[in-house]
Amino acid sequence: MANERLKTGNAALDQVLSGGFPINTINVVMGAPGTGKTILAEQMVFANASEDAPALYLTTLSEPLDKFIRHGQSYGFFDSAKVGQTVFYEDLGMMVRERGIGALAEIVTEMLIQRKPRLIVIDSFKALNELIETPHERRTILFDLASVLTAYRCTTFLIGEYADEMMTNLPEFAIADAILLLLKHATGVREQRFLKVEKLRASSSIPGMHAFNISADGIVLFPRLVTPPASPLYTANIERVNTGITGLDDMIEKGFWRGSTTLVAGPTGSGKTIIGLHFIREGALSNEPGVYVGFQENPVQLSRVMRNFDWDPKALLENGSFELMYRSPVEMQLDSVATELITRVREGHVKRVVIDAIGDLKKSSSDKQRFSDFMYALTQWFATENVTCLWLYELQNLFDVPRISDEEISNMSDNIVLLHFSRGTEMARTIRIIKTRGSSHDHWEHTLDISNAGVVVNKSKNKE
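Residue numbers (this note's numbering): 65 to 528.
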């Protein structure tokens, strides 16, 4: 019973909370106006309300009751059949105005006896707080209310537009078993939403800021990607993965290690996308499902590229082993990409992934350290799942390469393939292996030929 949890109606949030909120607790959901507090609360109410466990939603002095209900009806989780049967809305604010704030515990007790709820929301509790004149009165009223809620074994959520500094000044934060912070972060014209677990008494949670969106179905949360735990019985996978590119596998001892991550870096037009497409196609032909994640070229554009090599993109895509995952780089969020990709990998038993390109992921993060942590966590996740991945990374310089990356991606990568252009009257593409972790490799620079027949590493044009 001590470990029993209240599900939130959001599997991702339950994951962050190690299964949900502990039952029979008092919890605070805080955030500025418009951050999604009420939506989250109503989503939890409708997910949990039943004949055996009714839910009670108490509105106060912030918005009229009919406005609450009208607003909730616009979301997919709202079930009008439950209203008045298992979900009960009451205007607590009106009763407090009539009987005074000192009668708060008494009013709530009467409602608990009448409705017998197992989940209760007071929205906004902060609005009631503002009616209390002294700190002593505030502590007394809150203690009385907490005693009632605990005695009736309710899981309670106090919603409020609290500022950060209030967490050290107001007594509700001291008695709270859990505190959720919802916030909006603006960068230029772009706005992102985040959720953070400030407190979860006697329980673990995934730390940090978790991105979320508000959709027609309510809160859609993307848990922050963290480094997976290392296997206590780690065994190295010695299987090789072919690239599908003539000549390249010979440069790296017949392919990359399975579960490795390879950075393919080069300037625009050097062949990164084409190498990535060949890599996924080779897997599809070998019954190894793959996902090509693109942020610039949509599926129509990529299909056009595939037709240039006399491939049948329709047949490849319908087979299920070659999947294109396109996300616009505009308004993109790191963890939303990771969540979708991980879901596709697990559901499709994917063995190969191409990310095109790392620069687009970087632009979606306003925190350089978070981006570096994200890339490391994703690399380690691929390794533990034995998914072989190619990162495509665009270099700014067409000829000279002072450095490959500024985000420590080269250190995280098991292999580095450098694409380049040779100087001269005729500009030729070149390829060189810079690094292969735990393996030997060809040290020469070779010509990379791209034609309608495909991609070929031409070793006959070595410069000796």
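Here a beta-carbon is modelled for each residue, glycine too, at the ideal position from N, C-alpha and C. Note that the structure is predicted; figures quoted are calculated from it, not measured.
For residue i, which of helix, strand or coil comes out of DSSP?
| i | result |
| --- | --- |
| residue 457 | strand |
| residue 496 | strand |
| residue 419 | strand |
| residue 84 | coil |
| residue 150 | coil |
| residue 379 | helix |
| residue 67 | coil |
| residue 290 | coil |
| residue 484 | strand |
| residue 184 | strand |
| residue 96 | coil |
| residue 329 | strand |
| residue 359 | coil |
Look at the alpha carbon of residue i and the alpha carbon of residue j, and state the distance between them as a whole number of angstroms.
| i | j | result |
| --- | --- | --- |
| residue 248 | residue 102 | 15 Å |
| residue 288 | residue 313 | 35 Å |
| residue 73 | residue 112 | 7 Å |
| residue 355 | residue 428 | 20 Å |
| residue 421 | residue 507 | 26 Å |
| residue 193 | residue 182 | 24 Å |
| residue 172 | residue 70 | 21 Å |
| residue 293 | residue 523 | 42 Å |
| residue 260 | residue 443 | 24 Å |
| residue 413 | residue 321 | 18 Å |
| residue 148 | residue 129 | 14 Å |
| residue 225 | residue 94 | 6 Å |
| residue 150 | residue 403 | 33 Å |
| residue 106 | residue 142 | 8 Å |
| residue 378 | residue 387 | 11 Å |
| residue 389 | residue 175 | 50 Å |
| residue 357 | residue 136 | 35 Å |
Give me whichever residues DSSP pairs with residue i in a beta bridge.
| i | result |
| --- | --- |
| residue 321 | 304 |
| residue 242 | 91, 264 |
| residue 155 | 123 |
| residue 248 | 257 |
Give me, in chain order, the residues of the same chain whose beta-carbon lies closer than 8 Å to that of residue i; leave out the 5 immediate sequence neighbours on both sides.
| i | result |
| --- | --- |
| residue 369 | 337, 338, 341, 361 |
| residue 310 | 518, 519, 520, 521 |
| residue 234 | 193, 202, 226 |
Over the uninterrupted beta strand (DSSP E) stretch that includes residue i, give me the two end residues.
| i | result |
| --- | --- |
| residue 522 | 518-522 |
| residue 389 | 386-390 |
| residue 279 | 274-279 |
| residue 446 | Per DSSP, residue 446 belongs to no beta strand (DSSP E); it is in the alpha helix (DSSP H), 432-448. |
| residue 24 | Not covered by the structure: residue 24. The range shown for the chain is 65 to 528. |
| residue 136 | Premise fails: residue 136 lies in the alpha helix (DSSP H), 129-136, not in any beta strand (DSSP E). |
Alpha helix (DSSP H) containing residue i: first to last residue?
| i | result |
| --- | --- |
| residue 366 | 363-371 |
| residue 226 | Counting along the chain, residue 226 falls outside any alpha helix (DSSP H), and DSSP gives it neither H nor E. |
| residue 511 | Looking at the DSSP string, residue 511 is not in any alpha helix (DSSP H); the run it does join, the beta strand (DSSP E), is 510-515. |
| residue 409 | 398-412 |
| residue 347 | 336-349 |
| residue 212 | 199-215 |
Near residue i, what residues of its chain come up, given a Cβ to Cβ distance below 6 Å and the 5 sequence neighbours on each side ignored?
| i | result |
| --- | --- |
| residue 441 | 289, 290, 291 |
| residue 453 | 325, 417, 446 |
| residue 152 | 120, 179 |
| residue 271 | none |
Looking only at its chain, what residues have a beta carbon closer than 7 Å to the beta carbon of residue i, apart from the 5 residues adjacent to it on each side?
| i | result |
| --- | --- |
| residue 78 | 71, 72, 84 |
| residue 97 | 225 |
| residue 504 | 317 |
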